[in-house]
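Trainee: To start, I am sharing the structure in question, which I have written as structure tokens.
Residue numbers (the UniProt record's numbering): 1 to 771.
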């Protein structure tokens, strides 16, 4: 047996022995209390019993009657809470109570005490013992201490000292504040007196009204006093002894008040020097400026917003009464922390669609880090698959322990859109996100983000999130107000939106054309800043307010898979995204970027630094979570729409259950919008420019490119030296050929000493060469 195994075995044995010792100690204490109870209060107790009773009476007098009760209570508490035995202050508290009673008994018979204290030598001890057996004073112990204290301080001060010590020990033992207790008693007395006074006045002067009206008033009062955004509070039953003051708040299906997340930070002005430099860079890339009219949609056709009935009816999900389970978990949570030496109380419980959050209030002196480090132990004791700790909860003096629900409730998009906050919103581009941990609908403004990064593992809910974002726009904004540029390298995700009037161009599915589309966006941004400068305004809102007849729309650029673009042209894509993210907000251009590869080679530091708002879905590791949010937490999400939303300006991310929408609902809404116009009106100038740039890029290839690519594919090795030998060319030309293959996505990126990865096979090469 190895040394480590022996240590583990010894630790297990020691833990078991300690557990048995605690139980034996408790049994022994209870048994001793029962024996003393029989001796003190019984009649036929035998000679030994009589002797013990005689000695105890001489030592403590009639105060001994309290001793059995103290031992029984202490023994029972050891079984309920085994850590009590380790606390010396608990033993000291019970001992102080008993000694104080003996002293008070002695002070009550102060005349007798003074008479025996005059005796010399040890005669007063015999008299004190005799008085104790007669039930006078506090026996030898009580009289001895009282004689000492009275001789030093006098009777009155002795009363004050003993009472003060007793009160302080009571506060330390129970952790109950005397001030708050007195304040509660005062409030209760005041309310009782006011209630009696009002009752007398109503009885004398006011006739009795209908009871139903009084009941209605009480119900309305309770509703108005409920916490913000929450529907109901489930009270604890009186018979339960655990935390009667805990509030258990259940999430509301449709009546919860929506919360709007918006940015209140001041707008950042962009200098025209930056604009002119961006303009020069855009012109250097070979793109020519295009004048575009955004009013190509015929003015005779008025856009009709989709009906809410196109979305599925919200099925009322039966919420079980989990009050007992919640209270049981709250008790386990407190006991688990106490076993590790952490004193904390559950003060409130919020039950949401996906998780239940237990709000812990730690005692004074307890470090937050101590609770955070116990996350695995808490999960083990609560039998939870994963827990997340929010320490502290923003705006509250509490720590949140988030535990997954047994039954996860789906949040339909209709539940968020069909709310007054969304319908009557003054937000420019509202985005219906979902519901938070208390079931409150969350709506945010895309223009205030102003750019958003969405990342998470496959199947965690990214595509559904993108669809809810697009539909949130379609339900609130007309084609004249907002235009969409959808880039979908995966081909299958966003193609269904082709044909809607909000699209500026058809959905871009070719990764090579995506770079040209982003370059066009840079040109458009530069052109808009020139228009703003000519009209003396700072942003798109100022321009549209000044020129009511020539309004320009917002442009939302959505990229569904950034990783595919970064494989084809990483440098061009990164530069375009960064320049747009830095300057495009005031021009009314907003980027929404999604990826299922939250790695540093896809979400580079430059991209992340310029996109302030993030949504993280479930990821595989803490490293991926840090790549998205700059902090851990996303690795503990549950998937299926469970997200962390980190808006610009927020101190911590907000946990939200994302809204769900099905494929059939999307199809119904898109069909409804397409039927409003017989002909699709795209911006043909933009389409032609993107296609022309793509053709020019492909025509600039080296004449040996196809031959070099064939050599690389046949050998499945992208080597510059091999091309030099086989094609008899110089190093520079061979290196340019390899770079061109990488730019077109045929070979992988340079990985130091490792060979480049060849990403296509011979069948793909032959098929594309024949075309």
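The C-beta atom is built at its ideal place from N, Cα and C for all residues, glycine as well.
Just how far apart, CA to CA, sit residue 758 and residue 764?
Mentor: Walking along the chain shown from the start, residue 758 turns up at place 758. Walking along the chain shown from the start, residue 764 turns up at place 764. Each residue's alpha carbon lies about 12 Å from the other.
Trainee: Check for me: the beta strand (DSSP E) holding residue 613 runs from which residue to which?
Mentor: Here residue 613 corresponds to residue number 613 of the chain shown, with the count starting at 1. Where residue 613 is concerned, the enclosing beta strand (DSSP E) stretches over 613-616.
Trainee: By a C-beta neighbour count over all protein chains shown, 10 Å radius and 16 as the cutoff for buried, is residue 798 buried or exposed?
Mentor: The question about residue 798 has no answer, for the chain in this structure spans 1 to 771.
Trainee: Buried or exposed: where does residue 772 fall if 16 or more other Cβ atoms within 10 Å of its Cβ makes it buried?
Mentor: Because the chain in this structure spans residues 1 to 771, residue 772 falls outside the shown range and cannot be described.
Trainee: Let me know the secondary structure DSSP gives residue 257 once reduced to three states.
Mentor: Mapped onto the chain shown, residue 257 falls at position 257. Confidence in residue 257 is poor, its pLDDT being 46 and thus under 50, which makes the residue's placement too unreliable to answer from.
Trainee: Using 10 angstroms around the beta-carbon of residue 420, count the other beta-carbons present and answer buried if the total reaches 16, otherwise exposed.
Mentor: Position 420 of the chain shown, counting from 1, holds the residue named residue 420. With fewer than 16 Cβ atoms within 10 Å of its Cβ, residue 420 is classed as exposed.
Trainee: Below 8 Å on the Cβ atoms is my guess for residue 660 versus residue 653; work out the distance and round it to an integer in Å.
Mentor: Along the chain shown, read from residue 1 onward, the residue named residue 660 stands at position 660. Along the chain shown, read from residue 1 onward, the residue named residue 653 stands at position 653. That belief does not hold up - the Cβ atoms of residue 660 and residue 653 are roughly 20 Å apart, past 8 Å.
Trainee: What residue does the beta strand (DSSP E) around residue 443 start on, and which one ends it?
Mentor: For this step, residue 443 is matched to residue 443 along the chain shown. Segment 441-445, the beta strand (DSSP E) holding residue 443.
Trainee: Between which two residues does the alpha helix (DSSP H) holding residue 125 run?
Mentor: Here residue 125 refers to the residue found at position 125 of the chain shown. It spans 123-133 - the alpha helix (DSSP H) in which residue 125 sits, taken as one unbroken run.
Trainee: Short check: CB of residue 130 to CB of residue 74, under 9 Å?
Mentor: Counting from 1 along the chain shown, the entry for residue 130 is found at position 130. Counting from 1 along the chain shown, the entry for residue 74 is found at position 74. No, Cβ-Cβ distance for residue 130 and residue 74 is not below 9 Å.
Trainee: Pull the bridge partners of residue 595 from the DSSP assignment, please.
Mentor: Here residue 595 refers to the residue found at position 595 of the chain shown. The partner list for residue 595 (beta bridge, DSSP) reads 455.
Trainee: Report the CB separation of residue 437 from residue 332 in whole angstroms; it is logged as a contact under 8 Å.
Mentor: Against the chain shown, residue 437 aligns to sequence position 437. Against the chain shown, residue 332 aligns to sequence position 332. Not really, about 20 Å apart at Cβ, beyond 8 Å.
Trainee: In terms of alpha-carbon separation, which member of 157, 78, 168 lies closest to residue 96?
Mentor: As a position in the chain shown, residue 96 is number 96, starting the count at 1. The shortest C-alpha separation from residue 96 is found at 168.
Trainee: Determine the burial state of residue 177: buried for a count of at least 16 other Cβ atoms within 10 Å of its Cβ, exposed for fewer.
Mentor: The sequence position of residue 177 within the chain shown is 177, counting from 1. So residue 177 ends up on the exposed side.
Trainee: Between the Cα of residue 620 and those of 458, 717, 334, spot the shortest distance and give me the residue it belongs to.
Mentor: By one-based count along the chain shown, residue 620 stands at place 620. Residue 620 has its Cα closest to that of 458, out of 458, 717, 334.
Trainee: Please report the distance separating the alpha-carbon of residue 336 from that of residue 444.
Mentor: The residue labelled residue 336 in the question sits at position 336 within the chain shown. The residue labelled residue 444 in the question sits at position 444 within the chain shown. Roughly 38 Å separates the two Cα atoms.
Trainee: For residue 601, does the count of other Cβ atoms within 10 angstroms reach 16, so buried, or fall short, so exposed?
Mentor: Mapped onto the chain shown, residue 601 falls at position 601. Residue 601 should be labelled exposed.
Trainee: In this structure, does DSSP put residue 357 in helix, strand or coil?
Mentor: Translated into the one-based positions of the chain shown, residue 357 becomes position 357. Three-state result, residue 357: strand.
Trainee: According to DSSP, is residue 554 part of a helix, a strand, or is it coil?
Mentor: Here residue 554 refers to the residue found at position 554 when the chain shown is read from its first residue. In this structure, residue 554 counts as strand in the three-state DSSP scheme.
Trainee: Would you check if the region 455-473 and the region 627-643 touch, i.e. whether three or more CB-CB distances between them fall below 8 Å?
Mentor: Enough Cβ pairs lie closer than 8 Å, so yes.
Trainee: Where do the N-terminal and C-terminal ends of the alpha helix (DSSP H) with residue 436 fall, by residue?
Mentor: Counting from 1 along the chain shown, the entry for residue 436 is found at position 436. From DSSP, residue 436 is part of no alpha helix (DSSP H) but of the beta strand (DSSP E) over 430-436.
Trainee: Residue 394 by DSSP, collapsed to three states: which one?
Mentor: For the purposes of this step, residue 394 is taken as residue 394 along the chain shown, with counting starting at 1. DSSP places residue 394 in coil when its eight states are reduced to three.
Trainee: Using only CA atoms, which one of 343, 349, 372, 347 lies nearest to residue 363?
Mentor: Here residue 363 corresponds to residue number 363 of the chain shown, with the count starting at 1. Looking at the Cα atoms, 343 is the closest of the given residues.
Trainee: Would you grab the beta carbon distance between residue 133 and residue 54 for me? Rounded to a whole angstrom, and I think it's under 8 Å.
Mentor: If you number the chain shown from 1, residue 133 lands on position 133. If you number the chain shown from 1, residue 54 lands on position 54. The Cβ separation is near 6 Å, so the contact holds.
Trainee: Under a three-way DSSP split, which group does residue 54 fall into?
Mentor: By 1-based counting over the chain shown, the position of residue 54 is 54. Three-state DSSP puts residue 54 in a helix.
Trainee: Using only the alpha-carbon positions, how far apart do residue 595 and residue 488 sit?
Mentor: In the chain shown, the residue the question calls residue 595 occupies position 595. In the chain shown, the residue the question calls residue 488 occupies position 488. Approximately 11 Å, taken between the alpha carbons.
Trainee: Verify the contact flag: residue 98, CB atom, against every heavy atom of the ligand FAD, threshold strictly below 8 Å.
Mentor: Judged by which ligands are present, the structure shown has none, so any question about the ligand FAD falls away.
Trainee: For residue 159 and residue 405, what's the separation of their Cα atoms in angstroms?
Mentor: As a working mapping, residue 159 is identified with position 159 in the chain shown. As a working mapping, residue 405 is identified with position 405 in the chain shown. Approximately 56 Å between the Cα atoms of the pair.
Trainee: Would you kindly check if the distance between the Cβ of residue 554 and the Cβ of residue 305 is under 9 Å?
Mentor: Start at 1 with the first residue of the chain shown, and residue 305 comes out as number 305. Start at 1 with the first residue of the chain shown, and residue 554 comes out as number 554. No, the pair does not count as a contact, with Cβ atoms beyond the cut-off.
Trainee: Under 9 Å between the Cβ atoms of residue 557 and residue 588?
Mentor: Here residue 557 refers to the residue found at position 557 when the chain shown is read from its first residue. Here residue 588 refers to the residue found at position 588 when the chain shown is read from its first residue. Not in contact: residue 557 and residue 588 (Cβ atoms no closer than 9 Å).
Trainee: When you compare each of 678, 72, 38, 57 to residue 27 by their alpha carbons, which one comes out closest?
Mentor: Mapped onto the chain shown, residue 27 falls at position 27. Of 678, 72, 38, 57, the residue nearest in Cα terms is 72.
Trainee: Out of 511, 43, 574, 548, which has the shortest C-alpha to C-alpha gap to residue 522?
Mentor: Residue mapping note: residue 522 aligns to position 522 of the chain shown, counting from 1. The residue with the shortest Cα to Cα distance from residue 522 is 574.
Trainee: Looking at residue 403 and residue 382, is the spacing between their C-beta atoms short of 9 Å?
Mentor: Taking the chain shown and counting its residues from 1, one reaches residue 382 at position 382. Taking the chain shown and counting its residues from 1, one reaches residue 403 at position 403. Yes, they are a contact pair.
Trainee: Once you ignore the five residues that flank residue 746 on each side, which residues in its own chain have a CB closer than 7 Å to its CB?
Mentor: By 1-based counting over the chain shown, the position of residue 746 is 746. Cβ neighbours of residue 746 beyond the five flanking positions: 709, 759, 760.
Trainee: Is the beta carbon of residue 501 sitting closer than 9 Å to the one on residue 680?
Mentor: Within the chain shown, numbered from 1, the residue matching residue 501 stands at position 501. Within the chain shown, numbered from 1, the residue matching residue 680 stands at position 680. Their beta carbons are under 9 Å apart, which means residue 501 touches residue 680 by this criterion.
Trainee: Between which two residues does the beta strand (DSSP E) holding residue 706 run?
Mentor: Taking the chain shown and counting its residues from 1, one reaches residue 706 at position 706. No beta strand (DSSP E) holds residue 706; the alpha helix (DSSP H) holding it covers 705-715.
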